[in-house]
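Heads up: the structure comes next, in structure tokens.
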Amino acid sequence: MQDVNKHAVKAFLLELQDTICRALEAQDGQASFVEDSWEREEGGGGRSRVLRDGAVFEQGGVNFSHVFGAQMPASATAHRPELAGRRFEAMGVSLVIHPKNPYIPTSHANVRFFIAEKEGEDPVWWFGGGFDLTPFYPFDEDCRHWHQVAKNICAPFGDTVYADHKAWCDKYFFLPHRQETRGVGGLFFDDLNQWGFEKSFAYMQSVGMGFLDAYLPIVDKRCPTPYGERERQFQLYRRGRYVEFNLVYDRGTLFGLQSGGRTESILMSMPPLARWEYCFQPEPDSQEARLCDYLTPRDW
């Protein structure tokens, strides 16, 4: 039987939420996170933290949740029949940052742990997570920095980890109905248990802590960039793609809603403002038109 320390995972996730919130507050310099603790009837709860109307961040959410139940949702066991009849626990930290300045990319990260247990049998468990970057006015140097941090995180865990998890990210954060990626990618992994608990946990920790190294230097660099109403309107239009992905395809959103999670916390990833425009086409050779060149996977 594998030695699985779910209490150590929970302790790390709580500290990770604190660390990220402190760093984002320091970066913003004006707004603070407001915490909302909650419980759910079926078991478990969490603490949602939201920052609004900051100097840098229009809205940001950093959520910790730890939910459990006597059995998995039927939608989950249809794909994973080995989970039927097991009690489960799912815990994680997820965040989405929507900056004010359209030249600062939107960013998302999450790390999570799942375990399903049954008396007399080995637990079924895995880690998942990753981070991805969604620029509206992309800069090659920002994309290279983002992916270099990701590559550095992966290096101690194996020669192919970065390439594998980058490709998984490109594939996962893809909108088939738009035929484009959500942004310029990053890392994505799920069902990670083949390395054993200790190494898998260490990797999840590295990804979680590495997010700030990847994101904050980009925020710093783009924060002073001047912008006007044109850039703002394009930012709001492209945020609409973010909403489309999260509501139609994102597995975390769907699992949360199907398992009776707290709706407000699950949907905290939504931007405070977004817009849609029928058959929008950017002007040829404009800054806005450049974005489409970045919405297909490439080697950074």
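Under full-length UniProt numbering, the sequence shown has 116 at position 116, and the numbering climbs by one with no breaks. Here a beta-carbon is modelled for each residue, glycine too, at the ideal position from N, C-alpha and C.
In angstroms with no decimal places, state the Cα-to-Cα distance between M1 and A84. Because M1 sits at a pLDDT of 47, beneath the cut-off of 50, its placement in the model cannot be relied upon, and the following sentence gives the value as read from the coordinates. If you take the alpha carbons of M1 and A84, they lie about 20 Å apart.
Which residue comes first and which comes last in the alpha helix (DSSP H) that contains N246? 229–248
Nearest neighbour of C292, chosen from G61, F136, V96 [CA to CA]: F136
Buried or exposed: where does S107 fall if 16 or more other Cβ atoms within 10 Å of its Cβ makes it buried? buried
Per DSSP, which one or two residues make a beta bridge with L133? S107, G185
Would the beta-carbon of G43 fall within 8 Å of that of S269? no
Helix, strand or coil at D293 according to DSSP, with G and I counted as helix: helix
Would you kindly work out how many angstroms separate the C-alpha atoms of V67 and R86, rounded to a whole number? 14 Å
Is the beta carbon of G129 sitting closer than 8 Å to the one on F64? no
Straight-line CA distance for A31 to C21? 11 Å
Between the segment 86–95 and the segment 113–133, do three or more beta carbon pairs fall short of 8 Å? yes
Is it the case that the Cβ atoms of residue 314 and I218 are separated by a distance below 8 Å? Since the first and last residues shown for the chain are 1 and 300, residue 314 lies out of range.
Evaluate contact between the segment 144–163 and the segment 177–189, counting only Cβ atoms and requiring at least three cross-stretch pairs below 8 Å. yes
Member of E141, D132, G228, V50 whose CA lies at the smallest distance from the CA of A150: D132
Skipping 5 residues on each side, what residues in its chain have a beta carbon closer than 6 Å to that of A214? W146, V149
Check whether F255 and S200 have beta carbons under 8 Å apart: no
Measuring only the C-alpha atoms, how far is G240 from R222? 22 Å
Which residues DSSP lists as bridging H98, in chain order: Q59
Could you spell out where the beta strand (DSSP E) holding D159 opens and where it closes? Here D159 belongs to no beta strand (DSSP E), and DSSP marks it neither H nor E.
Using CA atoms only, rank isn't needed, just tell me which of T225, W195, E277 is closest to W125. W195
With which residues is H147 paired in a DSSP beta bridge? None; H147 has no bridge partner.
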